[in-house]
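A short write-up of the structure that comes next.
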Amino acid sequence: MSTIRPFKAIRPREDLASSVAALPYDVYNTAEARAEVEREPLSFLRIDRAETQLPKGTDPYSDIVYKKAREILDSMISDGSFIQDDKPCFYIYALTMNGRTQNGIVGCASIDDYISQVILKHENTLEAKEQDRIRHVDTCSAQTGPIFLTYRPVAELKSVVSSIKQTPCLYDFTSSDGVRHQVWMTDDDSCIENISQLFAHVPHLYIADGHHRAASAVKAGLKRRAENPGFSGSEEYNYFLSVLFPSDELCIYDYNRCVLDMNGYTKDAFLDKIKDGFDITLADRTSCRPGQKNEFGMYCGGSWYRLRAKPCLHSSDPVKGLDVSLLQDYVLGPVLGIEDPKTDSRIRFIGGIRGLSALEELADSCEGVAFAMHPTSMEELLAVADAGMLMPPKSTWFEPKLRSGLFIHRF
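This note's numbering applies: residue 19 is where the sequence shown begins, and numbers increase by one.
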């Protein structure tokens, strides 16, 4: 069962929250992060991507970068830009985008639950990306970016969240991308105990987004255990910062693909090559977007098509039955030569929030072929994780993104 416990959050002063809150560190490359910090000097990217505070050309993985992150964090705590609550609390973090609100409970999950697979994942992580955040977490003695967890809905937890939302907000602001962010806190002992007990009956939590942050937090915690062989298990480094949302409040967007060439095929030859597995119809911008599972929009040679996978390609396997797997197994791999989408330089992944025009522009610029996907469903994600399996890369795109800097868990 799941262990979720309250914590004494380090968080921005109310008047600074909207300026500090930043998109996750891995949304940006170094140049983009620098530009964002120039636009908003208080952005939490100063800490999450501390190379932005050092001369251009500084290796983002050098010791000086992590030390700079610690220096800025300590300074903002010392000068009162960040405050810390007096006792362990739970927080509610609500994000509203396009009229849809998702309500997360902010607390700390157990690294032992991750190790014992009470917390389930659906994708692999890369060692190099883990090492960066391990060093960041360890040097700062803090988790600065929350892990985005989900769980199957629990009516009693929804009721608790609704009750807490009747109290005054700590923060209420709208970010530049139009997302409204609201935060509430509960320091009531009975409410805190109730939340912990309700989660204790939840059999599994699932990583929706933030697999590398989760793996890094766990490994940083294990490093501290190794350095402190007499640890009791109650130390803060045994827990990691999380925001937990019921799965029925989340929205997965399409994660689209573009191959930068036609692998030597003409458009007609390519269409002929895939016709045995797909019904292919000419479409336009308004009708090309896939409306259901096993459908794809395809753009090549200046035209949109709708592809419908024939029943012979369907699968009940949790992974092979995913649309992203079907496209990979029957088109991208055998026809277009994309054998490993994680490493092949000929493929690009484009979040659906960028729209179909982004696919058209990229495909036209390289005379390639783009695919508009039907979004992976939450039930598909949960089924893959429950089966102990992994999705292909870039299977899910969650919006809105959680902001970093609103909650810091120090240990």
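C-beta atoms are modelled at their ideal positions from N, C-alpha and C, and glycine is treated no differently.
Nearest in C-alpha terms to Gly-339, of all of Asp-131, Thr-394 and Tyr-46, is Thr-394. Per DSSP, the unbroken beta strand (DSSP E) holding Gly-125 starts and ends at 118 to 128.
The DSSP-derived three-state label of Tyr-257 is strand. Taken in chain order, the unbroken stretches of beta strand (DSSP E) that lie wholly in the segment 373 to 398 and span 3 residues or more are 387 to 390. Closest in alpha carbon position to Lys-183, among Val-38, Ser-61 and Ile-123, is Ile-123. DSSP, reduced to helix, strand and coil, places Asp-297 within a strand of the structure shown. Only residues of its own chain outside the window of five on either side were considered, and among them Glu-54, Leu-63 and Arg-67 have a CB closer than 8 Å to the CB of Tyr-46, listed in chain order. Pairing Gly-406 with Cys-318 gives a Cβ-Cβ distance that is not under 9 Å. Looking from the CA of Ile-426, the closest CA among Leu-113, Asp-404, Arg-324 and His-154 belongs to His-154. Taken through DSSP and simplified to helix, strand or coil, Arg-242 comes out as helix. Remark: C-beta atoms of Ser-214 and Ile-22 approach each other more closely than 9 Å. A residue is called buried once 16 or more other Cβ atoms fall within 10 Å of its Cβ, and Glu-398 is buried on that count. If you ignore the 5 residues before and after Arg-231, its C-beta comes within less than 7 Å of the C-beta of Arg-151, Gly-163 and Ile-165, all in its own chain and listed in chain order. Sorting Phe-416, Arg-428 and Phe-429 by C-alpha distance to the C-alpha of Leu-113 places Phe-416 at the top. Our two residues, Gln-161 and Pro-221, have alpha carbons roughly 25 Å apart in a direct line. Taking C-beta atoms as the reference points, Asn-274 and Gly-369 count as a pair closer than 9 Å. The shortest CA-to-CA distance from Leu-300 to any of Arg-326, Glu-141, Val-197 and Lys-86 is the one to Arg-326. Secondary structure in the segment 327 to 366: the alpha helix (DSSP H) runs of 4 residues or longer, each lying completely within the stretch, are 341 to 345 in chain order. For Ile-82, there is no enclosing beta strand (DSSP E); the residue is part of the alpha helix (DSSP H) that begins and ends at 81 to 96.
Excluding five sequence positions before and after Ile-129, the CB atoms of its chain that fall closer than 6 Å to its own CB belong to Val-236, Gly-239 and Asn-256, given in chain order.
Exclusion of the five residues before and after Leu-223 leaves Ser-20, Ile-137, Leu-167 and Tyr-169 as the residues of its chain whose Cβ lies within less than 6 Å of its Cβ. Straight through space, the alpha carbons of Ser-208 and Glu-174 are spaced by roughly 14 Å.
When C-beta atoms of the segment 199 to 208 are compared with those of the segment 263 to 278, fewer than three pairs fall below 8 Å, so the two segments do not count as touching.
Minimum Cα-Cα distance from Ala-146 among the listed residues Asn-246, Asp-44, Leu-60 and Tyr-283 corresponds to Asp-44. Phe-100 sits away from Glu-254, with the two beta carbons spaced by 9 Å or more. DSSP places Glu-313 in no alpha helix (DSSP H) but in the uninterrupted beta strand (DSSP E) bounded by 313 to 318.
A residue is called buried when at least 16 other Cβ atoms come within 10 angstroms of its Cβ; Arg-29 meets this threshold and is buried.
In this structure, DSSP gives Gly-369 an extended state, which the three-state scheme calls strand. The alpha-carbon of Asp-227 is positioned some 23 Å away from that of Leu-216. Annotated three-state conformation of Tyr-283 is coil, per DSSP.
In this structure, the alpha-carbon of Asn-142 lies about 11 Å from that of Lys-360.
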